[in-house]
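**Student:**
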Amino acid sequence: MNRRFRLLLFFASALGVGAIYCAGAGNMPPWGVYRGPYGDVIVGLAVFERHATDTVNAITYDYRGFDTLGEEFILFSAVTGVMLLLRPQKGGKKEKEESQENPASFRDSAALSEAVQVFTTALFGFSVLFGIYIATHGQLTPGGGFQGGVIIAAAPMLLYIAENTEAFTRIVSHPIVEFFEGFGAALYAIVGFVALLIGAPFLTNVIPLGKTGDVFSSGTIAVISTCVGVEVTAAFILVTYEYLREILEREKKEEG
Amino acid sequence: MLAHYPYYVAAWVFLCGMYGIVRSRHLVHMVISLTILQTSTYVLLLAIGFRKGGYAPIFADISPGVVTVDPIVQALMLTDVVVEATVIALLLAMVVKAHEKGGTTKPEDLRYMRG
Amino acid sequence: MMILGIGLLALIAVSALAIVRTDDVTNQVIALSFYGLLFALMFFVFQSPDVALSQVTVGAIALPLMVMLAITRMKHREELKRHKEEKRK
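Residue numbers (the numbering used here), protein chains in the order written: chain A, 2 to 257; chain B, -5 to 109; chain C, 423 to 511.
1. How is the alpha helix (DSSP H) around residue 475 of chain C delimited, first residue to last?
2. Using three-state DSSP, classify residue 101 of chain B as helix, strand or coil.
3. Can you list the residues of chain A that residue 97 of chain B reaches, using a CB-CB cut of under 8 angstroms?
4. Do residue 149 of chain A and residue 224 of chain A have their C-beta atoms within less than 9 angstroms of each other?
5. Could you name the residues of chain B that residue 455 of chain C contacts, counting a contact when the two beta carbons are closer than 8 angstroms?
6. If we ignore side chains and look at the alpha-carbon of each, how far apart do residue 47 of chain B and residue 31 of chain A end up?
7. For residue 36 of chain B, collect the residues of the same chain with a Cβ closer than 7 angstroms to its Cβ; drop the 5 residues on either side in sequence, then sort them by chain order.
8. Nearest to residue 59 of chain B by CA position, among A:132, A:44, A:17 and A:251, is which residue?
9. For residue 213 of chain A, name the three-state secondary structure that DSSP assigns.
10. Starting from the Cα of residue 36 of chain A, find the closest Cα among B:55, B:90 and B:44 and give me that residue.
11. Does the CB of residue 445 of chain C have a neighbour CB from chain A at under 9 angstroms?
12. Could you tell me the boundaries of the alpha helix (DSSP H) in which residue 506 of chain C lies?
13. What do you reckon, is the C-beta of residue 23 of chain A under 8 angstroms from a heavy atom of the ligand FMN?
14. Can you give the beta carbon distance from residue 54 of chain B to residue 137 of chain A, rounded, assuming they're within the 8 angstroms contact cut?
15. Whole angstroms is fine: what's the gap from residue 474 of chain C's alpha carbon to residue 229 of chain A's?
16. Determine the chain C residues that contact residue 148 of chain A at a beta-carbon separation under 7 angstroms, and present them in chain order.
17. Quick check: the Cα distance between residue 484 of chain C and residue 161 of chain A, rounded to an integer number of angstroms?
18. Please decide whether residue 484 of chain C counts as near chain A, where near means a Cβ-Cβ distance under 9 angstroms.
19. Out of C:476, C:507 and C:488, point me to the one whose CA is closest to residue 76 of chain B's CA.
20. Per DSSP, what are the beta-bridge partners of residue 55 of chain A in this structure?
21. Given this structure, state the Cα-to-Cα distance separating residue 13 of chain A from residue 81 of chain B, to the nearest angstrom.
22. Check the DSSP bridge columns for residue 185 of chain B and list the partner residues they point to.
23. Residues of the segment 488 to 500 of chain C in Cβ contact with chain B at a cutoff of 9 angstroms, in chain order, please.
24. Any idea what DSSP makes of residue 170 of chain A, helix, strand or coil?
25. Within 9 angstroms (strictly less), CB to CB, does residue 80 of chain B reach chain A?
26. In this structure, does DSSP put residue 437 of chain C in helix, strand or coil?
27. Counting only beta-carbon separations shorter than 9 angstroms, does residue 94 of chain A have a partner in chain B?
28. Please classify residue 235 of chain A: is it buried, with 16 or more other beta-carbons within 10 angstroms of its beta-carbon, or exposed?
29. Taking only three categories from DSSP, how would you classify residue 8 of chain A?
30. Taking residue 23 of chain B as part of the alpha helix (DSSP H), name the residues at either end of that continuous run.
31. Distance cutoff 9 angstroms, beta carbons only. Does residue 158 of chain A sit that close to anything in chain C?
32. Looking at residue 66 of chain A: is its Cβ nearer than 9 angstroms to the Cβ of residue 204 of chain A?
33. Just checking: is the beta-carbon of residue 437 of chain C within a distance shorter than 9 angstroms of some beta-carbon in chain A?
34. Would you verify that the beta carbon of residue 52 of chain B is, or is not, closer than 9 angstroms to some beta carbon of chain C?
35. Please confirm if residue 424 of chain C has its CB atom under 9 angstroms from at least one CB of chain A.
36. Whole angstroms is fine: what's the gap from residue 134 of chain A's alpha carbon to residue 216 of chain A's?
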C-alpha cells in the first residue's frame, strides 16, 4: 500500500464520514441554547451545600471526585511509564566505549547575556509563590491543584534557561521528588478512606465546612486540591528530568 | 448554518488531525497530529455547554442565582487538558526509544522488529 | 461576544490545517504553542476561566516544552553517533 493510494483512501473515507457527521449534527440543539437540567441544578446547590464559590472545582473534587481520582492515576502511571522507558541502561561494551573517548562539546558559541540570567533567576521565587497560591485557593477562584502544580513545575526550567545547570540538577534530581509524587496520589485515596471509617460512602465530604469565602472552607475540596497540586508538580518535574538526564550528565562530565 | 457552526469546526479539526497522521514522515509529527485530534473534542464539549448571555460559574463576586454556562463540561475538560500532556510525554518517550534502537524517525522504516 | 467566538473558531480551523502541513518538526512546536494560546483565548471568551488557566499553563507552555525536550534528546544522540563515526575514521 503505497503513499498515494493511502492518501486517496483517506480522502474518500473523510468525505463519507464528514457527510454523515454533518447530516447528524444538523439535528443537535442550536449553539447557545443549553437545555440540560444538571448544570442548573448544581449551580443552584453548590454554594449552599459545600460552601465553595468555584462550582467547577466543587464538581471536580467533590461531586465527581471519583473520576478525578482515576485521572490522577492515569497521570501517575504515564509518569511511571516514562521513567521505565528512559531509564539509563547499563550495557557492557557501550558504556566502556563512551567513557574512554573525549566527550564532544555541544554548547553553541554565543554567551548568554547577564540581563537574562538575572531576570530569570529572580522570577523563580515569584513563580513558585504564584503556583502555591493558585493550588491552595482552588475552591474560591479559578485555579486548583492541576493548574498550580504545572506552574510550580515550570519554575525550575527558568533556572535551566539561565544556564545555572548545577542548581537545576540539584533541585530536579533530588530523591524527595519521587516520594512526593507517590505521597500526593496516596493522600487523595486516604482522604477517601477516612470517610469510610466514619461510616459514610467513599470520598464524602466529612471535614467541617467553614464560612463561604474563607481559605479553609468547603471541607475536603481544599485538601484534595493541595494533594493534587503536590502530585502534578512532582510528575512534571520527573518527566522533565528524565528527558534531560543524558544531556545533563554529559555536561557535568565536560566540566568536571 | 450558523446555529451548528462549532460542530462543523470540531469535525474539521478532527479530520485535519487524521490527515496529519496519515501523511506524516516523522514520528514526532505524528504525535503532534494526535494532539490536534484530541483538541477537537474540547471544541465540541465547549459548544454543547455554552449558553448565550451566561456568566462564568464562579460566584466569588456575583450572587448565586444568575444565569450561567454549564459547569459540568468544564469539569470534564479541566482534568483532560493536564492528563493529555502526560500521555503525550509517554508517547514521546516511546518515540525516543524507537529512534535509539532503530536509528531512524520515519514510520515506514520502522516496520519490522529486529533481534 | 458571539462575533469574537465565531472569528476565533475560524482561526482555530485555519491553524489546525497549518500545523498539519508544516514539515519541519521544530517549526511545528512553535505553531503548536500558538495554537494552544488560541485555545486559551477561546475558553476565556466562552466563559470558562478554569479551563483557560489550565490550557495556558499546559497547552501553550508545558506541552511544547516536552516535545522540544524529546527533539533535543534525539538530536543529541544523532550528533553523538556522528562524532563517534568521525573519530573511528
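Glycine residues also receive a C-beta, built at the ideal position from the N, C-alpha and C atoms.
**Tutor:** Taking the structure as given:
1. 471 to 479
2. coil
3. Correct list: empty, because the minimum Cβ distance to chain A is about 14 angstroms.
4. no
5. Under the 8 angstroms cutoff, chain B gives no residues; its nearest Cβ is about 11 angstroms from residue 455 of chain C.
6. 15 angstroms
7. 71
8. A:44
9. coil
10. B:44
11. no
12. 485 to 510
13. For the ligand FMN, the structure offers nothing, since it holds no ligand at all.
14. Residue 54 of chain B to residue 137 of chain A, Cβ: 15 angstroms. No contact.
15. 18 angstroms
16. 475, 476 and 479
17. 14 angstroms
18. yes
19. C:476
20. B:52
21. 31 angstroms
22. There is simply no residue 185 of chain B to check, as chain B begins at -5 and stops at 109 in what is shown.
23. 488, 489, 491, 492, 493, 495, 496, 499 and 500
24. helix
25. yes
26. helix
27. Only weak support exists for where residue 94 of chain A lies, its pLDDT of 45 falling under 50; the value from the coordinates is given anyway. Not an interface residue.
28. buried
29. helix
30. 21 to 43
31. yes
32. yes
33. no
34. yes
35. yes
36. 11 angstroms
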